[in-house]
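Counted from 1, the sequence shown has number 778 at position 65 by the numbering used here; the numbering is strictly sequential.
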Amino acid sequence: MSEAGLLDVAAGVEDVTAAALGNTGLAAWCALSWRAGLQPGESVLVLGACGALGSVAVQAAKAQGASYVIAADREGSARSKPRSRAAWWQRQHIYLD
Numbered sequence: 714m715s716e717a718g719l720l721d722v723a724a725g726v727e728d729v730t731a732a733a734l735g736n737t738g739l740a741a742w743c744a745l746s747w748r749a750g751l752q753p754g755e756s757v758l759v760l761g762a763c764g765a766l767g768s769v770a771v772q773a774a775k776a777q778g779a780s781y782v783i784a785a786d787r788e789g790s791a792r793s794k795p796r797s798r799a800a801w802w803q804r805q806h807i808y809l810d
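Here is the structure:
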């Protein structure tokens, strides 16, 4: 692999954790681009947006040109606290029973 295909990992991140992060990103990206066929300007609903995969899916949707991302999570979820990932996106929770 060329150096252009490598990414730096933050200090203190274990190798096994760094390797697993690629799986989450690839799953989110493929779900949006291959399965859903996301086109620039479309809207995306991400269920479970506070989890690891959902959080990456929100970022992947924006990177693929989504104009509006709706993030939903279950009320009372351990991860249901808003966490801004980028300045362009303001999380508003939609709680599901």
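Glycine included, C-beta positions come from ideal geometry on N, C-alpha and C.
When the Cα of residue i is compared with those of the options, which residue comes out closest?
{"i": "S780", "options": "C763, A765, L751", "result": "L751"}
{"i": "C763", "options": "D786, V729, A723", "result": "D786"}
{"i": "V782", "options": "V757, D721, P753", "result": "V757"}
{"i": "G718", "options": "G761, G735, V729", "result": "G735"}
{"i": "A761", "options": "A749, A784, E727", "result": "The sequence shown places Gly at residue 761, rather than the Ala named in the question. When each option's Cα is compared against that of G761, the closest is A784."}
Does residue i come out as helix, strand or coil in the three-state DSSP assignment?
{"i": "I807", "result": "Bear in mind that a pLDDT of 49 at I807, under 50, signals an unreliable position, so the number given afterwards is only what the model happens to contain. Looking at I807 - three-state DSSP - the assignment turns out to be coil, as it is neither helix nor strand."}
{"i": "L751", "result": "coil"}
{"i": "V722", "result": "coil"}
{"i": "A741", "result": "helix"}
{"i": "A733", "result": "helix"}
{"i": "E716", "result": "helix"}
{"i": "A762", "result": "coil"}
Bridge partners for residue i per DSSP, in chain order?
{"i": "S756", "result": "Y781"}
Please check the pair residue i and residue j, which I expect to be a contact at CB under 8 Å, by giving their CB distance rounded to whole angstroms.
{"i": "L720", "j": "A740", "result": "Between A740 and L720 the Cβ distance is about 17 Å, and since that is not below 8 Å, they are no contact."}
{"i": "A731", "j": "V722", "result": "5 Å"}
{"i": "P753", "j": "G778", "result": "3 Å"}
{"i": "V759", "j": "A774", "result": "7 Å"}
Margin query: For the structure I just gave you, are there three or more beta carbon pairs, one from the stretch 764-778 and one from the stretch 743-753, closer than 8 Å?
Written below: yes
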